[in-house]
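Taking the numbering used here, I'd label the letters of the sequence shown as residues 765 to 1153.
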Amino acid sequence: MLNYIDEVNKNVNIEEGKKTIENILIAIYFREGISTKELARDSLLPIPVVAAIKKEFIKKGLLIQDRGTRLTIRGRHFIEGTLGFRKINGDLYTKLLMEPWKEHREIIEIKEELQEFFDNRPQVDVTIDQTKSSIDTSLKRAILSLKNHNLVGKSILCLGDDDLVSIALAFLLKKLFKNTVHHTTKITVLDIDKRILDYINDIAILKNLPIKCEYVDFRIPLGDNFRNQHDCIFTDPPYTLEGMNLFLSRGIEALKKDSGLTIYFSYAHKSPDFQLTMQECFLTMGVIVSEVISRFNTYEGASIIGNTGQMIVLETTNLTKALIKNPYKGILYTGELKETVRSYRCKQCGEIIKVGRSKKINNIEMLKSKGCYKCNNQIFELIQRKDMN
């Protein structure tokens, strides 16, 4: 089917990008009879610009002006077929748009379905800055993508996914489409941790989820099969500027070439000076900060960052470009900047075991998994923490 969004964009060519034009059409789908003034308010566009967009859709036969703005049969077919809204639960969709953070019955049901999968996640690997987000956090990220019209019918990329955002996205879609596979959303997970990839892939097969998993080392530039393919990305990168720049660069290369595309960027709360440097990096890459939600993310056992993190919503512009395009050989993870060796005492036999990147045991999760080498006990207490750099 002809992509009318591209056609209208050619004639109107607004700086906000094609996504804004698409969102106007979707708003009419869910609120037929909506006025031009309401559309302008919702899209943050001047009324004359919205009127011009409407006029183009009317020319294409997708809209008519009749007691407000309404869809034609062609317009409805385009939204349901090409944009992927066929058989969606419209009541739930609009309810989540209006009250995204309310504990709706359907959201509670999703959490209950997700609980077992989140409980059985692989242990975190702190050497690559992994932390486990809560179910609430991962599902809130999925709902945020719906709120920003980045879920239905989109190609979504998760750059690293020990938080199982891909699973939360897919379960939200199952609820929206009443456990059918009518939707056209595609979710891709790229990760260096094969345990995570295997775990997500097994769930995707078990539950018939639209998720594709691929092993990728972000130090190496993305292959052509991932570049310029995606509508939005999620990333919770290493908490170093180097890691942030690398993950964002690979994400930018993966996004389609258009303005107004979204990067959901989770990061620790940092000092004002650090955040100033972060924003300078954003400007260099030509992305803007459209929203910052403090304490949006909560993590299990991440006391070093206060168990919370912020959600920074970034948007692309016509000047967006990757900062790092070539293979990367520098430092990336927090432990490469500052190695920390921790001493743990076995609660059963009292044996002291050192844990760190340069030791035989890299992290406490590995220690618990292997157990004390003297008595096999798996309960330890931290007695000393020493920075080696």
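C-beta atoms are modelled at their ideal positions from N, C-alpha and C, and glycine is treated no differently.
- One thing to note: A816 has its Cβ no nearer than 8 Å to the Cβ of D806.
- Within the region 876-943, the beta strand (DSSP E) runs of at least 3 residues that lie entirely inside it are, in chain order, 919-923.
- Just so you know, the alpha carbons of V980 and C996 end up roughly 18 Å apart.
- Here the region 783-797 lies against the region 845-856, with 3 or more beta-carbon pairs under 8 Å apart.
- A straight line joining the alpha-carbon of T952 with that of P974 spans about 8 Å.
- Rounded to the nearest whole angstrom, the CA to CA distance from Q993 to V1105 is 41 Å.
- Between F982 and R1014, the C-beta gap is smaller than 8 Å, which places the two residues in contact.
- Closest in alpha carbon position to Y1028, among S909, P886 and Y1097, is S909.
- Look at the beta carbons and you see the region 922-937 touching the region 960-978: at least three pairs across the two are nearer than 8 Å.
- The C-beta of Q894 has 16 or more other C-beta atoms within 10 Å across all chains shown, which makes the residue buried.
- E880 is the residue among E880, Q887, Q1112 and I1143 whose C-alpha sits nearest the C-alpha of I931.
- In the DSSP annotation of this structure, D955 is not part of any alpha helix (DSSP H); the continuous beta strand (DSSP E) holding it starts and ends at K950 to D955.
- In the displayed model, E1006 falls within a helix according to three-state DSSP.
- Short of 8 Å from the beta carbon of T800, and not among the five residues preceding or following it, lie these beta carbons of its own chain, in chain order: I811, V814, A815, K818 and T833.
- In this structure, F842 and Y768 form a Cβ contact; the two beta carbons are roughly 6 Å apart against a cut-off of 8 Å.
- The region 1050-1062 makes no contact with the region 1109-1118: fewer than 3 CB pairs, one atom from each, lie closer than 8 Å.
- I788 is positioned such that its CB atom lies no closer than 8 Å to that of N773.
- With a cutoff of 8 Å on beta-carbon distance, F935 and L878 are scored as near each other.
- In terms of Cα proximity to D957, the closest of E1055, T891, D830 and R1149 is T891.
- Restricting attention to D1037, T1026, F1144 and K1093, the CA atom closest to the CA of M1075 is found in T1026.
- Looking at the DSSP output, Q1074 sits in a beta bridge with Y1031.
- By the neighbour-count criterion, in which 16 or more other beta carbons inside 10 Å mark a residue as buried, Y1108 falls on the buried side.
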